[in-house]
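Residues in the sequence shown are numbered consecutively from -4, following my numbering.
Some notes on the structure that comes next.
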Amino acid sequence: MLTHVVSVSGGKDSTATLLLALELYGPEHVRAVFADTGNEHETTLEYALDYLPRVTGKAVDLVRADFSGEFAHKRANLERIAAGEPESAVYGRRQFMYHWTPEAARCALELLHPTGNPYLDLCLVRGGFPSRKRQYCTQYLKTEPLTEYALEIIEGGSDVWSWQGVRIDESESRRVRHQGTGACVKSFEVVGGGLFIYRPILRWNVGSVFEAHSVAGVSPNPLYTQGMSRVGCMPCINCSKAELRAIADRFPEHIERIAEWERLVSSVTRPRSPVSFFHMGTQGHSGQASTIAHVVDWSRTTRGGRQRDLLAQLEEPSACSSAYGLCE
Ligand code: SF4
């Protein structure tokens, strides 16, 4: 028996991949699954979990990472520090730049509880946010829950083709790195143990992706018509200056949510340890304070960050600014 599992993110590429799988194999042989990071825009959740099942007739399963074990472990360590044990006895010979005090550990214990939001819980147990260099969010919030989902199907007696909506054309760097070099991302891989990876749209361009939507009578995620060039996390730690400015202009409540997360994560980490959603060096944002409020402020400046872009301030945020020309 073979099951085709499509990881749906609410974005255009994974939707096109789902449509292709349904077209080729039929709904009875396809499973669709969405990994909820807890940092998506509500429109993306609605699109993936409500709209897509309605128009395709295919239910989309939901998976969420759970960090309750990590919370218990971190709390046990902090309880020892709060009781007066030296940090070296708790963490062994590992060296840290900042240090716990018993008082700080007691305060952290009051706030350090699972929230049920996977992204925030991951940051609370790690004592900080992921970064471009340490992009562990993808691994913990998506790869691991989706792999567990596939393994459960395999344990039930079926091989799994895991369909991934990856395209070489998606980014200039990926194109330069991979196209024609022989070091390509493979379109098919045997992982072993009954698991296979299939990337059917690897060489599609963005036009073909939207055409697949149109042929199937399925609308793309509405966020594409609201200035978003990608619709995953809101924001993603890898987002560009322009994307961040668009998010801040259109969805300031998501910026405020991240600011609140920064405050909460700061309260459960080593005193004075800098905690911010973006890290120094993110997207050229080097050498400046990097709380989300500072980075949003910087995103509204012209090159160099000194002068505010007055024209940008005058842009009408409700105007259609799709990066894909969907509404011309
Ligand atoms: S979309 Fe960005 S922030 Fe979200 S899990 Fe992926 S890399 Fe991390």
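Don't be surprised by glycine CBs; every beta carbon is placed ideally from N, CA and C.
These figures come from a predicted structure and were not determined experimentally.
Query: Check: L104 C-beta below 7 Å from any heavy atom of the ligand SF4; Result: no
Query: Cβ pair V226, L239 closer than 8 Å; Result: no
Query: Run of the alpha helix (DSSP H) containing T38, from where it starts to where it stops; Result: 37 to 41
Query: L83 burial status per 10 Å Cβ neighbour count (16 or more: buried); Result: Note that residue 83 is Ser in the sequence shown, not Leu. Flag for S83 reads exposed.
Query: Cβ neighbour criterion (16 or more within 10 Å) applied to K69; Result: buried
Query: Residue range of the unbroken alpha helix (DSSP H) whose run includes Y327; Result: The chain is shown from -4 up to 323; residue 327 falls before or after that span and cannot be answered.
Query: DSSP state of R70 mapped onto helix, strand, coil; Result: helix
Query: Candidates V0, V210, S209, of which the one nearest L57 by Cα; Result: V0
Query: Sequence-distant residues of its chain with Cβ nearer than 8 Å to V270 (five each side left out); Result: G122, G123, F124, E257, V260, S261, T264
Query: Length-filtered (4 minimum) alpha helix (DSSP H) runs lying within the segment 191 to 221; Result: 201 to 211
Query: Counted within 10 angstroms of its Cβ, other Cβ atoms place D45 as buried (16 or more) or exposed; Result: exposed
Query: Bounding residues of the alpha helix (DSSP H) (the contiguous stretch that carries V50); Result: 47 to 51
Query: Check: N34 C-beta below 7 Å from any heavy atom of the ligand SF4; Result: yes
Query: Nearest neighbour of Y114, chosen from L19, A60, Q159 [CA to CA]; Result: A60
Query: Proximal residues to E18 (C-beta, below 6 Å), its chain only, five neighbours per side dropped; Result: none
Query: First and last residue of the uninterrupted alpha helix (DSSP H) at W256; Result: 247 to 262
Query: Proximity test, T12 beta-carbon vs the ligand MG heavy atom, cut-off 7 Å; Result: In the structure shown, the ligand MG is absent; the only ligands present are the ligand SF4.
Query: For D56, the residue or residues it bridges with in DSSP; Result: V28
Query: Own chain partners of C228 with C-beta closer than 7 Å, once the 5 adjacent residues on each side are dropped; Result: T32, N34, E35
Query: Alpha carbon of C118 to alpha carbon of E65, nearest angstrom; Result: 11 Å
Query: Spatial neighbours of A77 in its chain, beta-carbon cut-off 7 Å, leaving aside the 5 residues before and after; Result: P97, A100, R101, L104
Query: S294 - containing alpha helix (DSSP H), residue span; Result: 287 to 294
Query: Limits of the unbroken alpha helix (DSSP H) element including L17; Result: 7 to 20
Query: Supposed contact pair L190 and A145 - C-beta distance, whole angstroms, cut 8 Å; Result: 6 Å
Query: Counterpart residues of S268 in DSSP-defined beta bridges; Result: In the DSSP output, where bridge partners are listed per residue, S268 has none listed.
Query: Three-state class that DSSP yields for V85 in the structure shown; Result: helix
Query: K7: CB within 7 Å of a non-hydrogen atom of the ligand SF4; Result: no
Query: Whether Y162 touches D8 by CB criterion (8 Å); Result: According to the sequence displayed, residue 162 carries Arg and not Tyr. Closer than 8 Å, so yes.
Query: Closest residue to G21 among V3, T51, S2, I232 (Cα-Cα distance); Result: T51
Query: Three-state secondary structure assigned by DSSP to D61; Result: coil
Query: Supposed close pair S2, Q159 - CB separation, criterion 8 Å; Result: 6 Å
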